[in-house]
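Student: The C-terminal residue of the sequence shown carries number 292 in the numbering used here, and the numbering is unbroken.
Yeah, the Cβ is synthetic: ideal placement off N, Cα and C, and Gly gets one too.
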Amino acid sequence: MSDLTAARLGDPLVHSSLLADFVSGLVEGAIYAGIYAGATALISSGLGAPVGIALVAGAMVSGIPEKIGTAAGALVDTLIGTGPPDAFITSGSDNVHMKGKPAARAAGTVDHDFLNSPDVGAEEGPGLIDSALAVAGGIISSVMHPGPLIDKVASIDGESVKNWLGDVWDDITQPTVESASPYATPASKDTVACTKGHMAENVNFLAEGSKKVLINGHPAARNGDRSTCEAKIEVADNPRVRIGGDGIVVRDIRSGKNALAYFAGGLVGALGKQGMKLGQALFRRVMPARR
2 MSDLTAARLG
12 DPLVHSSLLA
22 DFVSGLVEGA
32 IYAGIYAGAT
42 ALISSGLGAP
52 VGIALVAGAM
62 VSGIPEKIGT
72 AAGALVDTLI
82 GTGPPDAFIT
92 SGSDNVHMKG
102 KPAARAAGTV
112 DHDFLNSPDV
122 GAEEGPGLID
132 SALAVAGGII
142 SSVMHPGPLI
152 DKVASIDGES
162 VKNWLGDVWD
172 DITQPTVESA
182 SPYATPASKD
192 TVACTKGHMA
202 ENVNFLAEGS
212 KKVLINGHPA
222 ARNGDRSTCE
232 AKIEVADNPR
242 VRIGGDGIVV
252 RDIRSGKNAL
262 AYFAGGLVGA
272 LGKQGMKLGQ
282 ALFRRVMPAR
292 R
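Set out below in structure tokens:
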């Protein structure tokens with residue numbers, strides 16, 4: 002990775018635009034609609050039911066539709082811009098400064114033995130086919146040997162259901178897009194003030210930094226590194242210290258998309274032609290109101 006500009010207290014961060022969030026949902030919705038259509042055809046055949054269900058589950062597990070949708074949204078922002086910053090770094094190092102301001106760090110420390118170990122290539126996650134086959138195998142196994150599944154269901158209590166519903170709500174409105182490294186330990190400082198309005202996160206932190214350069218034991222935050230609400234640091238002042246090294250995530254990063262715009266796009270995409278007509282009607286209603 003090339004060297005990146007070091008971040009400081011007060012530096013801005015930006016999210017994807019509302020239009021990009023809508024387009025991202027639109028593309029994902031269209032992809033899932035196609036997958037569901039194929040899965041329905043398989044399920045209707047009887048013998049293909051486990052494979053059809055697994056095809057849908059495999060798409061969800063692999064995250065391929067989300068990656069394609071995110072790429073489409075990023076293309077929109079490349080063409081029209083993201084708009085003004087909607088988040089700012091609000092705390093940093095107590096004793097390390099850059100040009101008079103506290104240096105920004107990721108909000109967590111990383112095991113030094115891991116950092117000092119030889120670099121190994123990042124492992125690629127399973128693809129859609131691999132995920133689908135794994136889920137299909139699990140479904141068939143549960144049908145043929147239902148005992149373990151029944152035991153798990155019997156052990157569920159009210160508190161477990163409450164916690165599960167809370168996790169489901171968070172994952173629906175602001176799903177995790179990248180998990181923290183298993184070698185990272187969260188820290189309480191290095192916060193970010195965000196005005197975009199997220200449903201799952203109350204306090205946001207800098208989640209990402211350099212794997213090679215540490216500040217007080219924390220990965221140094223740089224231009225392009227992300228917060229826990231998926232905002233990216235956007236340093237405007239370039240004549241600064243530059244920091245190299247691959248990135249490492251020390252806290253889970255949740256989606257920074259606007260949930261309403263994203264869900265609306267998904268609905269339009271899933272409905273196909275009818276959804277596009279609905280989207281055009283909404284656009285015509287909204288645009289005159291803004292003039």
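Put H199 into one of helix, strand or coil per three-state DSSP.
Tutor: coil
Student: Check N259 in the structure and name its three-state DSSP category.
Tutor: coil
Student: Ignoring anything shorter than 3 residues or poking outside the segment 198-228, list the beta strand (DSSP E) runs there in chain order.
Tutor: 209-211
Student: Near T91, what residues of its chain come up, given a Cβ to Cβ distance below 7 Å and the 5 sequence neighbours on each side ignored?
Tutor: T192, V193 and A194
Student: Out of P13, P103 and G74, which one is the CA nearest neighbour of D22?
Tutor: Of the candidates P13, P103 and G74, the one whose C-alpha sits nearest the C-alpha of D22 is G74.
Student: Beta-carbon separation of I244 and S182 under 7 Å?
Tutor: no
Student: Let me check understanding here. Comparing Cα to Cα, which of G84, G225, E235 and V242 lies closest to G101?
Tutor: For G101, the closest of G84, G225, E235 and V242 by C-alpha to C-alpha distance is V242.
Student: Spatial neighbours of T71 within its chain, please: CB distance less than 7 Å, with the 5 preceding and 5 following residues excluded, ordered by chain position.
Tutor: Closer than 7 Å at the Cβ level, and outside the excluded window around T71, lie S25.
Student: Alpha carbon to alpha carbon, what distance is there between L80 and V251?
Tutor: Note on geometry: alpha-carbon atoms of V251 and L80 lie some 31 Å from one another.
Student: Going straight from the alpha carbon of K258 to that of G11, what length do you get?
Tutor: Those two C-alpha atoms are separated by around 23 Å.
Student: Under three-state DSSP, which class holds E231?
Tutor: coil
Student: Do R255 and T186 count as a contact pair if the criterion is CB distance below 7 Å?
Tutor: no
Student: With H, G and I counted as helix, E and B as strand and the rest as coil, what does DSSP make of T91?
Tutor: coil
Student: Do you know how far the Cα of P13 is from the Cα of H199?
Tutor: 17 Å
Student: Just the C-alpha distance for S94 and N217, rounded to the nearest angstrom, thanks.
Tutor: 7 Å
Student: Mind checking whether S180 and D253 have CB atoms under 7 Å apart?
Tutor: For the pair S180 and D253, the CB atoms are nearer than the 7 Å cut-off.
Student: In the DSSP assignment, what are the bridge partners of V111?
Tutor: A185
Student: With a 10 Å radius around its C-beta and 16 neighbouring C-beta atoms as the bar for buried, classify G82 as buried or exposed.
Tutor: exposed
Student: Taking buried to mean at least 16 other C-beta atoms within 10 Å of its own C-beta, is N205 buried or exposed?
Tutor: buried
Student: Where does E124 sit, in a helix, a strand or coil, going by DSSP?
Tutor: Because the pLDDT at E124 is just 46, under 50, the model does not fix this residue reliably, and the point stays unresolved.
Student: What residue range does the beta strand (DSSP E) around V178 cover?
Tutor: T177 to E179
Student: To which residues of the same chain is E124 closer than 7 Å at the C-beta, ignoring the five residues directly before and after it?
Tutor: Summary for E124: the model assigns pLDDT 46, below 50, so the residue's position carries little reliability; its value from the coordinates is reported in the next sentence. Contacts found: none.
Student: Run the CB neighbour count on T110, radius 10 Å, all protein chains shown included, and call it buried at 16 or more, exposed below.
Tutor: buried
Student: Between which two residues does the beta strand (DSSP E) carrying E70 extend?
Tutor: This sequence places Gly at residue 70; Glu is not what is there. Careful: G70 lies outside any beta strand (DSSP E), inside the alpha helix (DSSP H) at I65 to I81.
Student: Return the CA-CA distance between D112 and Y184, expressed in angstroms with no decimal places.
Tutor: 5 Å
Student: Where does the unbroken beta strand (DSSP E) through V250 begin, and where does it stop?
Tutor: It spans G248 to V250 - the beta strand (DSSP E) in which V250 sits, taken as one unbroken run.
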